[in-house]
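In UniProt numbering, the protein residues as written are 1 to 198.
This is the structure we're talking about:
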């Protein structure tokens, strides 16, 4: 059965993850609504409560807070100059267009900021106001991780991009969510989307 047994794989194939259309979104929304209807009112209420708790947690860690535009632009320049040549994981023109329009996924943006903070000059770290390179990276990492854990992002490609970037995080020798953890997620999701096929 292989990939065919993977329900997520089927949803992604039918939902066309690369070229999202209104039809595929409509199909997915109807499937989600149908599944919720089967669960009943009690389960639906519990799910809504869990979602509200997830949102509260995201707000608590500041997952939706962004540096001011000037600081953000400087972090992006650090990313493009130092990290992107090593991790060219997205189309730079497409990303720049989304960045300029303010439509980059918060998950991906926090992952980019985390990596950029590794290369940021001391003056920029002072502007970020988090005290040190480690605290800046940790802050952006925790925000991205919280967004990932809350399933805030639904686009598989964006999740792959963010988790590849998060693989740069190392919190210490006892940290279970290390390079291998994040790369494992990226590889597993890429395979479920069929990206390993030529």
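Yeah, the Cβ is synthetic: ideal placement off N, Cα and C, and Gly gets one too.
*Hey, which unbroken runs of the alpha helix (DSSP H) at 4 residues or more fall wholly within the stretch 64-94?*
Segments of the alpha helix (DSSP H) lying fully in the stretch 64-94: 69-78.
*asked:* Three or more C-beta pairs under 8 Å: does that hold for the stretch 58-72 against the stretch 158-168?
replied: They do not touch, by the three-pair rule.
*asked:* Which same chain residues end up closer than 8 Å to residue 95 when comparing Cβ atoms and leaving out the 5 residues on each side of it in sequence?
replied: Counting from 1 along the chain shown, the entry for residue 95 is found at position 95. In the same chain as residue 95, and ignoring 5 residues on each side of it, the C-beta atoms closer than 8 Å to its own belong to 104, in chain order.
_I'd like to know if the stretch 111-123 and the stretch 72-88 are in contact, where contact means that at least 3 CB-CB pairs between them fall below 8 Å._
With a cut-off of 8 Å, the stretch 72-88 and the stretch 111-123 count as touching, because enough Cβ pairs lie within range.
*asked:* Could you give the first and the last residue of the continuous alpha helix (DSSP H) run that contains residue 48?
replied: Counting from 1 along the chain shown, the entry for residue 48 is found at position 48. Where residue 48 is concerned, the enclosing alpha helix (DSSP H) stretches over 41-60.
*Using the beta-carbon count (16 or more within 10 Å), is residue 140 buried or exposed?*
As a first step, residue 140 is located in the chain shown; it is residue number 140 there, counting from the start. Residue burial is scored here from C-beta neighbours: residue 140 has at least 16 other C-beta atoms within 10 angstroms and is therefore classed as buried.
*Using alpha carbons as the reference points, say which of 170, 37, 189, 153 lies closest to residue 107.*
In the chain shown, residue 107 corresponds to position 107, counting from 1. Nearest C-alpha to residue 107 among 170, 37, 189, 153: 153.
*Do residue 133 and residue 61 come within 8 Å of each other at the CB atom, strictly closer than that value?*
Against the chain shown, residue 61 aligns to sequence position 61. Against the chain shown, residue 133 aligns to sequence position 133. In this structure, residue 61 lies away from residue 133, with their beta-carbon atoms at least 8 Å apart.
*asked:* Taking the straight line between their C-alpha atoms, what separation do you get for residue 179 and residue 145?
replied: Taking the chain shown and counting its residues from 1, one reaches residue 179 at position 179. Taking the chain shown and counting its residues from 1, one reaches residue 145 at position 145. Computed Cα separation, rounded: 13 Å.
*asked:* Are the CB atoms of residue 111 and residue 195 within a distance shorter than 8 Å?
replied: Against the chain shown, residue 195 aligns to sequence position 195. Against the chain shown, residue 111 aligns to sequence position 111. No. Outside cutoff.
_Test item: CB-CB of residue 147 and residue 63 under 8 Å_ = Position 147 of the chain shown, counting from 1, holds the residue named residue 147. Position 63 of the chain shown, counting from 1, holds the residue named residue 63. In this structure, residue 147 sits near residue 63, with a CB-CB distance shorter than 8 Å.
*Who are the Cβ neighbours of residue 183 in its own chain at under 8 Å, not counting the five residues just before and after it?*
The residue you call residue 183 lines up with position 183 of the chain shown. Counting only Cβ-Cβ distances below 8 Å, and skipping sequence neighbours, we find 163, 164, 167.
*Note down the Cα distance separating residue 181 from residue 50, rounded to an integer number of angstroms.*
Residue 181 sits at position 181 when you count from the first residue of the chain shown. Residue 50 sits at position 50 when you count from the first residue of the chain shown. Approximately 25 Å between the Cα atoms of the pair.
*By DSSP, does residue 36 sit in helix, in strand, or in coil?*
The residue given as residue 36 occupies position 36 in the chain shown. Looking at residue 36 - three-state DSSP - the assignment turns out to be helix.
*Check residue 129 in the structure and name its three-state DSSP category.*
Counting from one through the chain shown, the residue named residue 129 turns up at place 129. Coil.
*asked:* Would residue 55 and residue 120 qualify as a contact pair, given that the criterion is a beta-carbon distance under 8 Å?
replied: Taking the chain shown and counting its residues from 1, the one referred to as residue 55 is at position 55. Taking the chain shown and counting its residues from 1, the one referred to as residue 120 is at position 120. No; because the gap between Cβ atoms is not below 8 Å, this pair is not in contact.
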